[in-house]
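Colleague: In this note's numbering, the protein residues as written are 276 to 390.
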Amino acid sequence: MDKKVIHFGYAVTRDRQIDFDANNHEISAIVAAAEPTLKLCISCGTCAATCSAAQFTDFSLRRIILLVRRGETKGLAKEVSKCMLCGKCQLVCPRNVSTRNLIIQISKTLTTFRP
Ligand code: SF4
Ligand code: SF4
């Protein structure tokens, strides 16, 4: 029998537990105070699908918002810096998240915040 492997363009990620309560949620609170639409995101991924930066890197605004809301912000400042602030994501977001300002606020908070 031919055991040819088919690549579907994605990989199954390993299971992991997220200890939500143990994470630091202060950054999320600061960002939400500066840009309340952080709370409107439903992680649909439309922004990531149209993102200019995602064409050249593994950048994903959907993932960044998710990580900020979870309090998993380690190494995120470098990731956020890949955004070109082109605003395409803002045009397509079904929840009217103010994505450009959100990215600016996340970046600002991550670079100034000292836990
Ligand atoms: S398009 Fe809007 S609602 Fe969807 S993941 Fe991006 S920011 Fe969130
Ligand atoms: S503003 Fe940033 S996140 Fe949004 S589409 Fe442009 S490069 Fe991507």
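Positions of the beta carbon are idealized from the N, C-alpha and C atoms, including for glycine.
Would you give the residue range spanned by the alpha helix (DSSP H) that A352 belongs to?
Modeller: From DSSP, the alpha helix (DSSP H) with A352 extends over L351 to V355.
Colleague: If you measure between the beta carbons of I305 and R370, is that distance less than 8 Å?
Modeller: Taking 8 Å as the Cβ cut-off, I305 and R370 do not qualify as a contacting pair.
Colleague: With a Cβ-Cβ cutoff of 8 Å, do T312 and V367 count as a contact?
Modeller: Result no, Cβ atoms of T312 and V367 do not sit closer than 8 Å.
Colleague: List, from N- to C-terminal side, the beta strand (DSSP E) runs of 3 residues or more that fit wholly inside the segment 283 to 356.
Modeller: The segment 283 to 356 contains no whole beta strand (DSSP E) run of 3 or more residues.
Colleague: On a CA-only basis, which of I378, K383, Q365 and M359 is nearest F331? Give me that one, please.
Modeller: Measuring from the Cα of F331, the nearest candidate turns out to be M359.
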